[in-house]
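Asks:
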Amino acid sequence: MNVVLYRSESRGAADHGWLKSRHTFSFANYYCPSRLNFGALRVLNDDWVEPKMGFGTHPHDNMEIITIVHDGQLEHKDSMGNGSIIRRGEVQVMSAGSGITHSEFNPSKDEVVNLFQIWLFPNKQNVTPRYDQAYFSDEALENNWKMIISPDGEKQSMWIQQDAWLYLGEFEEGQTIRYTPKNSQNGLFIMVVEGEVELDEYVLSKRDAAGLTEVGEQLELEATAKSKLMLLEVPMQW
7 MNVVLYRSES
17 RGAADHGWLK
27 SRHTFSFANY
37 YCPSRLNFGA
47 LRVLNDDWVE
57 PKMGFGTHPH
67 DNMEIITIVH
77 DGQLEHKDSM
87 GNGSIIRRGE
97 VQVMSAGSGI
107 THSEFNPSKD
117 EVVNLFQIWL
127 FPNKQNVTPR
137 YDQAYFSDEA
147 LENNWKMIIS
157 PDGEKQSMWI
167 QQDAWLYLGE
177 FEEGQTIRYT
187 PKNSQNGLFI
197 MVVEGEVELD
207 EYVLSKRDAA
217 GLTEVGEQLE
227 LEATAKSKLM
237 LLEVPMQW
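Each residue of the sequence shown is one higher than the one before, starting from 7 at the first, in the working numbering.
1) Helix, strand or coil: how does DSSP classify Lys188 here?
2) Near Val10, what residues of its chain come up, given a Cβ to Cβ distance below 6 Å and the 5 sequence neighbours on each side ignored?
3) Can you have a look at Glu117 and say buried or exposed, based on whether 16 or more other CB atoms are within 10 angstroms of its CB?
4) What residues in its chain sit with their C-beta under 7 Å from that of Arg93, if we drop five residues either side in the sequence?
5) Given a threshold of 16 other Cβ atoms within 10 Å of its Cβ, counted over all protein chains shown, does Ala46 qualify as buried or as exposed?
6) Does DSSP classify Lys161 as helix, strand or coil?
7) Give the C-beta separation of Thr134 and Pro65 to the nearest angstrom, bearing in mind that I take them to be a contact with Cβ-Cβ under 8 Å.
8) Starting from Asp67, follow its DSSP beta bridges and name the residues at the other end.
9) Specify whether the segment 182-201 and the segment 217-231 touch according to this definition: at least 3 beta carbon pairs, one from each stretch, less than 8 Å apart.
10) Smallest Cα separation from Asp214: which of Gly222, Leu235 and Glu110?
11) Is Ser32 helix, strand or coil when you go by DSSP?
12) By Cβ distance, which residues of its chain are closer than 8 Å to Met59, with the 5 residues on each side in sequence left out?
13) Roughly how many whole angstroms lie between the Cα atoms of Asn8 and Ile196?
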């Protein structure tokens with residue numbers, strides 16, 4: 007198994023006052039030639055947006071965009087006519103396709119919103135833009151890889167225009183965590199949202215991540231503390 011580590015403290019950092027962000031991959035003013043993407047995974051931003059602040063209307067095209075809210079709430083409006091509030095436990099997905107505009111705003115008077123925004127390259131260009139949003143309870147994630155995103159919407163997941171999967175799971179201390187890849191040619195990207203896990207000789211703590219290739223038949227981790235994890239399986243070529 008090949009392992010590339012993405013330590014939390016090594017991520018790019020931005021502080022705009024109203025927005026604090028950590029970038030796992032090159033984004034905006036952060037550029038690192040060795041961190042342009044991990045296969046089809048292009049962006050993983052860890053954002054904190056101050057109350058009554060947000061991103062004004064801006065465009066996207068030909069990108070699959072996933073937003074996961076950890077704390078607080080995020081108000082979304084787009085050129086497809088969608089308008090909604092995304093809260094903790096909810097996940098939003100957009101296929102930007104041939105082009106959309108949207109805005110994201112923290113409607114709270116006093117609570118910071120923390121979210122992941124994830125971009126994946128699509129496997130089809132200029133598709134009709136689309137939007138989806140769903141809630142996933144803590145119970146659904148308990149000691150289990152809960153499928154959130156898939157290519158075909160299996161197991162009540164949301165689908166995207168890419169042969170990729172995204173899972174969330176919350177695991178008790180001492181638990182052995184296993185995952186069987188869908189395709190042996192794919193890469194696995196694991197981020198510790200909260201907690202700590204052991205991966206071979208590596209210890210991964212909060213917001214640490216690892217990109218894995220040539221995993222073999224099964225990946226195995228050990229939770230050394232109660233942990234919330236995110237796992238993406240993505241094609242390395244598409």
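Cβ atoms here follow ideal geometry from the backbone N, Cα and C, with glycine treated the same way. The structure displayed is predicted, hence computed values, not measured ones.
Replies: Well, looking at it:
1) As a first step, residue 188 is located in the sequence shown; it is residue number 182 there, counting from the start. Of the three classes helix, strand and coil, the one that applies to Lys188 here is coil, per DSSP.
2) Counting from one through the sequence shown, the residue named residue 10 turns up at place 4. Closer than 6 Å at Cβ, skipping near neighbours: Gly217.
3) Taking the sequence shown and counting its residues from 1, the one referred to as residue 117 is at position 111. The residue is exposed, with fewer than 16 neighbouring Cβ atoms inside 10 Å.
4) Counting from 1 along the sequence shown, the entry for residue 93 is found at position 87. Only Val75 and Gln79 meet the Cβ criterion.
5) Working through the sequence shown from its first residue, we reach residue 46 at position 40. By the 10 Å Cβ count, Ala46 comes out buried.
6) Locating residue 161 in the sequence shown gives position 155, where the first residue counts as 1. The answer is helix: DSSP assigns Lys161 an H, G or I state.
7) As a first step, residue 134 is located in the sequence shown; it is residue number 128 there, counting from the start. As a first step, residue 65 is located in the sequence shown; it is residue number 59 there, counting from the start. Wrong, their Cβ atoms sit about 16 Å apart, outside the cutoff.
8) Residue mapping note: residue 67 aligns to position 61 of the sequence shown, counting from 1. Answer is none; Asp67 lacks a bridge partner.
9) Yes, the segment 182-201 touches the segment 217-231.
10) Along the sequence shown, one-based indexing puts residue 214 at 208. The candidate whose alpha carbon is nearest that of Asp214 is Leu235.
11) Taking the first residue of the sequence shown as position 1, residue 32 is located at position 26. In the structure shown, the three-state DSSP call for Ser32 is coil.
12) Here residue 59 refers to the residue found at position 53 when the sequence shown is read from its first residue. Closer than 8 Å at the Cβ level, and outside the excluded window around Met59, lie Trp24, Leu25, Phe111 and Asn112.
13) Within the sequence shown, residue 8 is the residue found at index 2, counting from 1. Within the sequence shown, residue 196 is the residue found at index 190, counting from 1. Computed Cα separation, rounded: 13 Å.
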